[in-house]
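Protein chains in written order, with the working numbering: chain A, 848 to 1034; chain B, 2 to 306.
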Amino acid sequence: MYTASDLRKGLKIQIDGEPYIVTEFDFSKPGKGQALYRTKMRNMITGIQFTQTYRSNDKFERPNLEERNMQFLYVQDGEYHFMDTVSFEQIFLTKEQLGDNLNFLIDNMEVQVLFFGERPIDITLPTFVNLEVTVADPWAKGDTSGSDTKPVTVQTGFQLQVPPFVEQGDRIQIDTRTGTYITRVKE
Amino acid sequence: MLTPQGLQQRSDLLQAVRSFFIERAYIEVDTPLRLPVLLPESNLVPFTSENWFLQTSPEQCMKRLLARGCTQIFQICHCFRKEESGRIHQPEFAMLEWYHRGWNYVDLMQECEALLSTLGQRFPRMPGLDPEGMLCRGESRVSLTPPWDRLTVADAFWQYAGVEVDEALKSETFDEVLVTAVEPNLGRERPVFLYDYPIELGSLARRNPNNPRVAERFELYVAGLELANGFSELIDPQEQRFRFSLEIERLRAMGQNAAMPEKFLVDLASVGETAGIALGLDRLFMLFMGGDSVAAAMPFIFEEL
């Protein structure tokens, strides 16, 4: 069990049988008054956010959360299938569950799948992924427009700004937390 | 965490606070931090030290010094409150506390005005002040020039939350309404004294003779930040014993140990009409030093130890 004084940003707790993550936290205590733990939380299954104020005697269960290494296999009918790299067990997550992760997910990529009990609820991508540029305007040498980046599209369909020297067919490294270009990579 | 430059600023402010009180004929006292019994306050959790306690405030010993005949005393000391940690809370923090015999809470409000406006004039280049000498915090630009605003708790609850104080007390939402709806609006242009608290929220404060539902207690707010808590002190030992017994009941209901501070009650009979106030020094310094959390004004916070 957690108590209210354990609350902090990033803590995962269970309320009414569902896992929540604390996204914002503030401790307040008016003079001569009670300690108040003001939180903003996100339901880790539905993504729904809410704010709630707790008091010292409030208690929370620890959610049964576990991360497992899995490999992305294929997508079929909006279901994204992953395989446990140790047990070979297969599970799937929906497009909605994956959300923006789809911007960087490619076949055979190894990711961390988060389970709530037996149920897969989220994935964590590698921090850096290498993707192929599929659409890019050619670099107009002598371009004096002053622009130091240009938009390109990578193999997942994701668009981002890159330096002008990046060309179609290049592979580039992207930070999946921010979706920003890091460097061009040689294969 | 403070740089040498920050430590210099903190030192300058500390010296100026001392001078302010010395020049006004206060004597500085330093009372024990470690006590065998605390004044029972149900919302404070003390640290134990062997089978004694670290003080949660210097109030007990300072009032006992008043009973010896002191008329004006101040103290700068550390206080300890368990389970209090956040942007503007640390479990160990610096307190400025002072008492003035013969005064009431209205007199103390004026002294607060004098203290902060003096500091503002003395240190126009502190990072928390803009070129016009206004104290800046978040969206607030606060003029320290007296007189400041005064607002009763009842008016503030009605004005900012549309709630009657009695209603909030009954539904046990007083603290929540105060923190979420009222406090953020307080002291945005000028500091404000929020005063006349419900009697059950001022167990060491005198009942207001004109309105027995409230205690003569005030809190000073600057730019939404609670800075100081002052009273016309309750000096009737019988009444104080009764109020303590209510606090002790609450503490025991929460499974905490509490005892009646008997020596304090004996001395209280000799204290005489007095006003007293406690001010969170780290928060005050944070404002002048332009910080966003008390950590920005303290040599160390507990997480760094």
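For glycine and all other residues, C-beta sits at the position ideal for the given N, C-alpha and C.
Determine which residues share a DSSP beta bridge with residue i and list them.
i, result
"residue 866 of chain A", "A:861"
"residue 967 of chain A", "A:962"
"residue 926 of chain A", "A:923, A:941"
"residue 874 of chain A", "A:884"
"residue 2 of chain B", "Per DSSP, none; premise fails for residue 2 of chain B."
"residue 229 of chain B", "B:221, B:280"
"residue 1035 of chain A", "Since the first and last residues shown for chain A are 848 and 1034, residue 1035 of chain A lies out of range."
"residue 96 of chain B", "B:78, B:281"
"residue 1022 of chain A", "A:975, A:1027"
"residue 107 of chain B", "None; residue 107 of chain B has no bridge partner."
"residue 912 of chain A", "A:963"
"residue 850 of chain A", "A:906"
"residue 275 of chain B", "B:102"
Does DSSP put residue i in a helix, a strand or coil?
i, result
"residue 906 of chain A", "strand"
"residue 207 of chain B", "coil"
"residue 942 of chain A", "helix"
"residue 120 of chain B", "helix"
"residue 27 of chain B", "coil"
"residue 269 of chain B", "helix"
"residue 998 of chain A", "strand"
"residue 36 of chain B", "strand"
"residue 281 of chain B", "strand"
"residue 88 of chain B", "coil"
"residue 7 of chain B", "helix"
"residue 197 of chain B", "strand"
"residue 58 of chain B", "coil"
"residue 1033 of chain A", "coil"
"residue 80 of chain B", "strand"
"residue 977 of chain A", "strand"
"residue 50 of chain B", "strand"
"residue 947 of chain A", "helix"
"residue 178 of chain B", "helix"
"residue 216 of chain B", "strand"
"residue 933 of chain A", "coil"
"residue 917 of chain A", "strand"
"residue 889 of chain A", "strand"
"residue 1015 of chain A", "coil"
"residue 189 of chain B", "coil"
"residue 957 of chain A", "strand"
"residue 234 of chain B", "strand"
"residue 897 of chain A", "strand"
"residue 69 of chain B", "coil"
"residue 983 of chain A", "strand"
"residue 102 of chain B", "strand"
"residue 301 of chain B", "coil"
Does any residue of chain C bring its CB to less than 8 angstroms from the CB of residue i?
i, result
"residue 202 of chain B", "Absent here is chain C; the protein component of the structure consists of chains A and B."
Interface residues of the segment 869 to 883 of chain A facing chain B [CB-CB below 9 angstroms]: Cβ contacts with chain B: 872, 873, 874, 875, 876, 877, 878, 879, 880, 881, 882, 883.
Do three or more CB pairs link the segment 94 to 106 of chain B to the segment 247 to 263 of chain B at distances below 8 angstroms? no
Okay, do the segment 268 to 278 of chain B and the segment 66 to 84 of chain B touch, 3+ Cβ pairs below 8 angstroms being the bar? yes
Are the segment 110 to 122 of chain B and the segment 292 to 299 of chain B touching by the rule of at least three beta carbon pairs closer than 8 angstroms? no
Does the contact criterion of 3 or more C-beta pairs under 8 angstroms hold for the segment 155 to 162 of chain B versus the segment 132 to 147 of chain B? no
Would the segment 213 to 228 of chain B count as touching the segment 141 to 152 of chain B if we require 3 or more Cβ pairs under 8 angstroms? yes
Whether or not the segment 69 to 87 of chain B and the segment 166 to 186 of chain B are in contact is what I'm after, with contact meaning three or more pairs of Cβ atoms, one per stretch, closer than 8 angstroms; do they touch? no
Note down, in chain order, all residues in the segment 891 to 905 of chain A with a beta-carbon under 9 angstroms from any beta-carbon belonging to chain B. 900, 902, 903, 904
Three or more C-beta pairs below 8 angstroms linking the segment 910 to 919 of chain A and the segment 958 to 965 of chain A: In short, these stretches touch, since the Cβ pair count reaches three.
Between the segment 946 to 956 of chain A and the segment 973 to 988 of chain A, do at least 3 Cβ pairs fall closer than 8 angstroms? The answer is yes - the segment 973 to 988 of chain A touches the segment 946 to 956 of chain A, with three or more Cβ pairs under 8 angstroms.
Closer than 8 angstroms is the cut-off here; do at least three beta carbon pairs connect the segment 32 to 46 of chain B with the segment 244 to 263 of chain B? yes
Anything in the segment 926 to 938 of chain A with a Cβ closer than 7 angstroms to a Cβ of chain B? List those residues in chain order, please. none
Contact between the segment 279 to 288 of chain B and the segment 223 to 239 of chain B is defined here as three or more beta-carbon pairs at a separation below 8 angstroms; is this criterion met? yes
Of all the beta strand (DSSP E) runs that stay within the bounds of the segment 127 to 176 of chain B, which reach a length of 3 or more residues? 136 to 138, 141 to 143, 150 to 153
Members of the segment 90 to 120 of chain B that neighbour chain A once the beta carbon cut-off is set at 7 angstroms: 90
Meets three-Cβ-pair contact criterion under 8 angstroms: the segment 873 to 887 of chain A and the segment 915 to 931 of chain A: no
Going along the chain, which residues of the segment 27 to 46 of chain B sit with their C-beta nearer than 8 angstroms to a C-beta in chain A? Sequence-ordered contacts of the segment 27 to 46 of chain B with chain A read 42, 44 [C-beta pairs closer than 8 angstroms].
Cβ pair count under 8 angstroms reaching 3, the segment 862 to 870 of chain A against the segment 886 to 900 of chain A: yes
Are the segment 992 to 1009 of chain A and the segment 1024 to 1032 of chain A touching, with three or more C-beta to C-beta distances below 8 angstroms? The segment 992 to 1009 of chain A vs the segment 1024 to 1032 of chain A: in contact.
Of the residues that make up the segment 159 to 178 of chain B, which ones have a beta carbon closer than 8 angstroms to any beta carbon in chain A? 175, 176, 177
Which of the residues in the segment 180 to 196 of chain B, read from start to end, lie with their CB under 8 angstroms from any CB of chain A? 180, 181, 184
Does the count of Cβ pairs from the segment 6 to 18 of chain B and the segment 1002 to 1012 of chain A closer than 8 angstroms reach three? no
Decide yes or no for the touch test of the segment 178 to 188 of chain B against the segment 197 to 211 of chain B: beta carbon pairs closer than 8 angstroms, at least 3 of them. no
Residues, ordered as in the chain, of the segment 226 to 239 of chain B that lie near chain A by beta-carbon distance below 8 angstroms: 227, 230
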